[in-house]
Every structure is written in structure tokens, then in C-alpha cells.
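In the working numbering, the protein residues as written are 169 to 512.
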Amino acid sequence: MKISKEFKIGLVVIIALATTFWGFNLLKGRNIFKKTMKLYAVYQNVNGLTPSCPVKVNGYKIGMVEEVGFLPGDPDGRLLVTMRIDEKDFIITKGTLARIGGDLLGSKEVTLEPSESRIPVISGDTLYSGIEIGLEQQVNEIIAPLKVKVENLISSVDTIVVSFKEIFDDDGMRNVKTGLNSLRATIQGVETAIGQVNGLLSSESPKIANIITNVESISGTIKNNNAEIKNIIENLSSFSDSLKMVEIRKTVNQIDRTVAELDSVVAKINRGEGTVGELINNRGLYNKLDSAANNLNVLIEDIKENPGDYVHINLIKIGDGKKKEEKQKKKEAARIEAERKKKE
Numbered sequence: 169m170k171i172s173k174e175f176k177i178g179l180v181v182i183i184a185l186a187t188t189f190w191g192f193n194l195l196k197g198r199n200i201f202k203k204t205m206k207l208y209a210v211y212q213n214v215n216g217l218t219p220s221c222p223v224k225v226n227g228y229k230i231g232m233v234e235e236v237g238f239l240p241g242d243p244d245g246r247l248l249v250t251m252r253i254d255e256k257d258f259i260i261t262k263g264t265l266a267r268i269g270g271d272l273l274g275s276k277e278v279t280l281e282p283s284e285s286r287i288p289v290i291s292g293d294t295l296y297s298g299i300e301i302g303l304e305q306q307v308n309e310i311i312a313p314l315k316v317k318v319e320n321l322i323s324s325v326d327t328i329v330v331s332f333k334e335i336f337d338d339d340g341m342r343n344v345k346t347g348l349n350s351l352r353a354t355i356q357g358v359e360t361a362i363g364q365v366n367g368l369l370s371s372e373s374p375k376i377a378n379i380i381t382n383v384e385s386i387s388g389t390i391k392n393n394n395a396e397i398k399n400i401i402e403n404l405s406s407f408s409d410s411l412k413m414v415e416i417r418k419t420v421n422q423i424d425r426t427v428a429e430l431d432s433v434v435a436k437i438n439r440g441e442g443t444v445g446e447l448i449n450n451r452g453l454y455n456k457l458d459s460a461a462n463n464l465n466v467l468i469e470d471i472k473e474n475p476g477d478y479v480h481i482n483l484i485k486i487g488d489g490k491k492k493e494e495k496q497k498k499k500e501a502a503r504i505e506a507e508r509k510k511k512e
């Protein structure tokens, strides 16, 4: 069968178009002859991620970013990243994290961090999202403390410069000269004193030698009589201990005698011996003494109020019937009170 020219031209055009389509997708990193699936991730900031950026697992490319755009209907303006993953290369499970990162040259990529789940994702699922700290941010974090230190250093240098200016102005130089002159005078005084000390040592060296000889002699005497000195110290210590023991023993004996006498007095009081014992142990005697004291108080009060009843003067009659009646009432009240206390 003869193939027409038109058919050949059409076949060539179709092959050219197919090759162009395949090459275009190949340049974009998409192999149309491999089975792929779409996965999504939502980010607040994609940090410069663009389509055709690679998607990797452990540094190995398993797909690419197909599209980056705003999430439809999201008021916060979050971005939706569409990734196309080769299904046969790696099994992605639920809970996998899609983290945006980059290298030192600024190229961006998506790194998948697998989870512990064993449930595989299907095409159209959304992965967890995250962003690595970029190189610029890392540098800023490193430089920020250095910047503060440099600023503080500059402030310190400024302070030092100002101090030097104050020192090296006219007044400062005069103060420096005055200080140097004072230091020079002090050094001269020290040199003079050292010379005087040297002269004194030279003139008094025989006496100093005699003093050193005497000290050595005394030291030798003490060393030779060390045993006798030790015996004297031990005797003094023994004598002091004996004095302490005698005084302590005497004090203890006195305390024992005092305690024994006190026990004897307490025993006599408990047995009712003596006036104090009778007063403490005999309730009746106590009541009688109390009653007598009350009667005596009443009598003294009556004498103060009615002295005429007890001291008779022939020319003057003191008191009347009313006072006698009051006196009788007080005596009767005292008698009743005394009887009440006896009953108690």
C-alpha cells in the first residue's frame, strides 16, 4: 500500500508535537510516562518557593513543585503549594511534613519528613507544612548579638576618647605634670630614708650583732632547760586542777547540807510541827486566826467611830442611842461572819 505524502507530513507533525510536549514537560521536571500523584501543602509564607523547585526525601528528588498560588477563599492570604510526586519512587504516609528549605546559593526546595504512620496518602491529600530557618535569618540571629556588642564597644571607645581628651587638654596636662613632680619628690624622699636607714645600720651594726647574740643565747638557754620548763608548767597545771577540785567539792558539800536542811524543814511542816506546820495543816486554827483578825478589824473601826464608848470622860457624854444601835449591828454582823467561816 502506497502511503500518501499528506499522511507522511501529518505523521511528522504529530511526532514533532508529541516530542515537543514531552520535551517541554521533561524540561519542567515532569516525566509524562511515569505515574504521579498530586499533593498539597498550605503555607503562610513560601519564602521564595517557585514552580519547578524540587521535592526531596533525604536529599533524593522524588518530585517537583507544580504550582504556587493563593489558597482560594482564605482571608489570611495563605499560599497553596501543589506538588507532583512519582508514586513508584517513595511511599508517602499520613502525617508527613513538607518543609520549605534552601541551600547556600538561595535555591529553594521542599523536603519531606516522613512520619511514623504506615497509612499511605492518596493523590489530592494535604501534607503538614513547615519552613526551615533561612540562611539570611540564621546570619541575622548570629549578627544581632555581635551588633549589640559592637555598639557597646563603640560607646566604650567614645568614653575612652573623651577621657583622653580631658586628660591631654591644658588643665589635664598641668595635673599630670603636678602628679609627676609629686611622684618624683616622693621617690627622692624614699631614697633619702633608705640612705638614712643604711647609715643607721652601718653605725649601729655592733649593737645589732650583740642583740642577735643575746637572743641566740636566750634561745639556747631555753632549749637546754626545756625539760625543766616543761616540768614547771605541768606542776602549775596540776596545782590549778587541784584548786579547782577543792573549790568544786566545797561548793557541792554546802549545797548538799542546804538541801538536807530544807528537806528537814519541809518534813516538819508536813507533819504539822511548829507554828508554820500547825498553820498549814490545821484548818480550824486558820479559821480562828482569820475570825480573830476580822473581829479585831471591826473593833478598831468601832473605836475610831465611837471613841466615847471606850474612853469615859465625866464632864462630856459622848455618843447617843443611835450610835449604840449601829455598834450593836456591826458586832452582830461580825459574829455572823465568824460563825460562817467556822462552818466552812
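The beta-carbon is built from N, C-alpha and C at its ideal position, and this holds for glycine as well.
Same chain, Cβ closer than 8 Å to residue i, five either side skipped, listed in chain order
i	result
Ser275	Cys221
Ile390	Ile397
Ile260	Leu207, Ile253, Leu280, Pro282, Pro288, Val289, Leu295
Ile230	Val223, Lys224, Ile253, Asp254, Asp257, Phe258, Leu280
Leu265	Leu280, Glu281, Ser283, Leu295, Tyr296, Ser297, Gly298
Whole-angstrom distance between residue j and residue i, CA atom to CA atom
i	j	result
Ala460	Glu507	11 Å
Glu284	Lys262	9 Å
Pro219	Met251	9 Å
Val420	Ser432	18 Å
Lys515	Ala186	It is not possible to answer for residue 515, since the shown part of the chain is limited to 169 through 512.
Thr354	Asn394	50 Å
Arg417	Ser406	16 Å
Ser324	Leu368	53 Å
Ile486	Lys499	Confidence in Ile486 is poor, its pLDDT being 46 and thus under 50, which makes the residue's placement unreliable; the coordinate value appears in the next sentence. Approximately 19 Å between the Cα atoms of the pair.
Val383	Phe332	58 Å
Thr381	Ile423	59 Å
Asn308	Val233	28 Å
Leu179	Thr188	14 Å
Ser387	Lys375	18 Å
Ser350	Gly363	20 Å
Pro243	Asn226	35 Å
Gly245	Glu235	16 Å
Ile379	Gln356	32 Å
Ser371	Val358	20 Å
Ala377	Val365	16 Å
Ile471	Gln496	13 Å
Asn455	Ala501	17 Å
Ile481	Asn474	Confidence at Ile481 is low in this model, with a pLDDT of 47, below 50, so its placement is unreliable and no value can be given for it.
Arg342	Ile328	20 Å
Ser408	Leu457	58 Å
Asp339	Arg352	20 Å
Arg267	Gly191	29 Å
Ser385	Ser373	18 Å
Asp326	Glu319	11 Å
Val344	Val330	17 Å
Ala361	Gly347	21 Å
Gly241	Ala312	38 Å
Identity of the residue in the options nearest residue i by Cα
i	options	result
Gly237	Gly216, Asn393, Asn378, Glu309	Gly216
Leu223	Gly191, Gly270, Leu239, Leu247	Per the sequence shown, residue 223 should be read as Val rather than Leu. When only C-alpha atoms are compared, the closest one is Gly270.
Ile299	Leu247, Ser331, Pro313	Leu247
Val214	Asn226, Ile183, Leu464, Leu239	Leu239
Arg503	Glu235, Leu467, Val344	Leu467
Anticipated Cβ contact below 8 Å, residue i with residue j, distance rounded
i	j	result
Leu321	Leu207	Contact flag wrong, Cβ pair sits at about 51 Å.
Glu255	Thr204	6 Å
Ser297	Tyr211	5 Å
Ala209	Val249	5 Å
Asn462	Glu505	6 Å
Below-8 Å beta-carbon distance, residue i vs any chain B residue
i	result
Thr360	The structure shown contains no chain B; it is built from a single protein chain.
Residues of its chain near residue i, where Cβ-Cβ distance is below 6 Å and the 5 sequence neighbours each way are ignored
i	result
Lys317	none
Thr426	none
Ile310	none
Other residues of its chain near residue i: CB distance less than 7 Å, five sequence neighbours each side excluded
i	result
Gly292	Lys206
Arg286	Thr261
Jot down the residue ranges of each uninterrupted alpha helix (DSSP H) in the stretch 375-417, minimum 4 residues, whole runs only, in chain order. none
Which runs of the beta strand (DSSP E) at least 3 residues long sit entirely within the stretch 275-313? Give them in chain order. 276-281, 294-299
Please go through the stretch 206-255 and give each complete beta strand (DSSP E) segment of 3 or more residues, from N-terminal end onward. 222-225, 228-238, 247-254
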